[in-house]
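Here's the structure, in structure tokens; my notes come after.
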Amino acid sequence: MPEMTPKPSKNANSLPHSDPPTEKKGILRSLSFQFTPFYGTKKRRPGNTVHTYDSTPEDLTGNLGPIQGVQCQGLLMKKCNSKRRAKWNRRFFVLKECFLLYYSSRQKKRFDKYKKIDMHPKGIVPLIGCSIVPGGDIGKGKKYCLLITHPQFDSAIIVAANDAKIQEKWLKALREATKISFKNTVVGESLIRELESKGMQLNEEKKSFEERLQIEAEARKQEMEKNQMLEKTKEDLEKERDKLVKMTKKLKDDLHNVKNDLKLTNEGKKTLEQEKMSLMTKTQHLVSNLESLNMEKTKIEEQMSSIIREREKFLLENQNLSSTTCHLKNRLMEIESKTTCLVTEKEKVENLLRMNEKKTVELEQERQYYNNQTKELLSTLKEISQQKEMTEAELRDEMMARLGAERQLQAAEKALEHLENALRLTGAQMTELQEHILPDVHKLREFFEKCAEEARLEAD
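Heads up: the sequence shown begins at 280 in our numbering, then just goes up one per residue.
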């Protein structure tokens, strides 16, 4: 009897639960029960446990023969002899080797579906030494009956088919099954033992495969954990990369802003250079103006010294002319009339002097303004000179030149004060000096008006 052995599965989770190998109680394990009556066999519920070595391949549907261990199978009516009355039950019969197994009729669907034999039938009839006789009509119209008899049976086992063809088929199969000898069962027993040893070996291999699969599962679990860790590290690296991208973008923006600021500073530097050049031109112009003022101041000083000398001469002449006072009394009236004219002219001159004083004040304010401007220019020039590494000697020269210009301006102011003091003299002295002073005053007035006009033009 060939047997189908299952191959070990590669997946540990798909392996069926296998019990430890125990002593089998199959139909071919022992023949000690073959002549015992089976009428009182305990009914068992068809279980899910199916021995795989009695399975029929699915691709051989309907091709059941001695090669597969099942000679015949189908539904038959079985007569059940009870104490009260005979009863016919529909059963599913399977002829396997020299045994006739019968189940409930529901088991046929399961057999047709899975092509496997349940090892817990309702009853088993051993056919060795039995006689199979076709019967006629045995009660209630059962025409196609088969009688299975044996000397040790209490009564014959009667089954009935639906038609003559099925009856003939079962008769032939049952008679062939009765010809199986005891030697064949011994051979089957040896095959069973061999298959059991193979089964144990396969179980051991299965255990080894399970251990390997468990090791592989552990390794795969560790690999999955590693992959998870790698995924986490990958996510962390992605976050770091995003941070770096944002930082680089921010740095690029900062660099762009710095470039713009540098461009603005360069433009401001250019404007400062231009302002510096304009301020330098203005300072040069102021220096030239100061030089011209110094020259005018020297001229005024010379004129004032000549006026003072002439005044001294007039004083000497006045002393000499005291003797001629009487002679001049006649001209006193004329002189008084002239003095009145001179007083009026003096008032005019005083008005002009006041205007000149105002102009001098304005010039002083302008001078202070220009001094402040020069101070600011000097401060800016000092800052620019620090950037351009201007030497201290040049700054000292500029300061000395500015101080010299201020000294000259102060000398001019002092000369103006002397002139004002000279103008505040008495009427007699004024009449003596007016012929010499008035031209100088007119010249000084013209000079200051010219300076004021130039300062106004420069301010504009």
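The beta-carbon is built from N, C-alpha and C at its ideal position, and this holds for glycine as well.
By DSSP's assignment, Trp449 forms no beta bridge with any residue.
With contacts defined as CB atoms closer than 7 angstroms, Leu406 and Gly414 fail to qualify as a contacting pair. As the crow flies, the alpha-carbon of Val373 is around 54 angstroms from that of Glu504.
For Lys358, the uninterrupted beta strand (DSSP E) run begins and ends at 351-360, by DSSP.
Bounds of the beta strand (DSSP E) holding Phe371 are 365-375.
Around the beta carbon of Ala365, fewer than 16 other beta carbons sit within 10 angstroms, so the residue counts as exposed.
Judged by pairs of C-beta atoms under 8 angstroms, the region 579-594 does not touch the region 675-685, as fewer than three such pairs exist. For Phe378, there is no enclosing alpha helix (DSSP H); the enclosing beta strand (DSSP E) has its first and last residue at 378-383. Ranked by Cα distance from Val566, the first of Met356, Gly683, Asn506 is Gly683. Below 8 angstroms, too few C-beta pairs join the region 477-484 and the region 379-395 to call them touching: fewer than three. Here DSSP, grouped into helix, strand and coil, assigns Leu406 to coil. A straight line joining the alpha-carbon of Asp397 with that of Ile403 spans about 12 angstroms. DSSP, reduced to helix, strand and coil, places Gly414 within a strand of the structure shown.
Per the Cβ contact rule, the region 349-360 is in contact with the region 421-437 (3 or more Cβ pairs under 8 angstroms).
DSSP places Asp397 within a strand segment (E or B) once states are collapsed to three. A straight-line Cα-Cα distance of about 20 angstroms links Leu492 and Asn506. The three-state reading of DSSP puts Ala439 in strand, counting E and B together. Taking 7 angstroms as the cut-off, the beta carbon of Ile459 is found no closer than this to the beta carbon of Cys409. The Cβ atoms of Leu558 and Leu656 sit closer than 7 angstroms to each other. With a 10 Å radius around the Cβ and a threshold of 16 neighbouring Cβ atoms, Ile586 comes out buried.
Excluding its 5 nearest sequence neighbours in each direction, Ala734 has C-beta neighbours in its own chain below 6 angstroms: Glu645, listed in chain order. Beta-bridge pairing by DSSP links Cys424 to Gly414, Ala439.
For Ile411 against Arg472, the beta-carbon gap comes to about 31 angstroms, at or over 8 angstroms, which does not count as contact. In this structure, DSSP gives Asn630 a helical state, which the three-state scheme calls helix. Ser487 has its alpha-carbon roughly 12 angstroms from the corresponding atom of Glu495. Ranked by Cα distance from Ala731, the options Lys693, Glu636, Thr659, Gln431 are led by Glu636. In the three-state scheme derived from DSSP, where H, G and I count as helix and E and B as strand, His535 is classed as helix.
Lys401 places its beta carbon 7 angstroms or farther from that of Tyr423.
Setting aside the 5 residues that flank it on each side, Phe727 is surrounded in the same chain by Asn635, Lys638, Thr639, Leu642, each with a C-beta closer than 8 angstroms to its C-beta; the list follows chain order.
In this structure Ala498 is exposed. Its beta-carbon is surrounded by fewer than 16 other beta-carbon atoms within 10 angstroms.
It is roughly 15 angstroms from the alpha-carbon of Leu551 to the alpha-carbon of Leu541.
No Cβ-Cβ contact shorter than 7 angstroms links Cys351 with Ala443.
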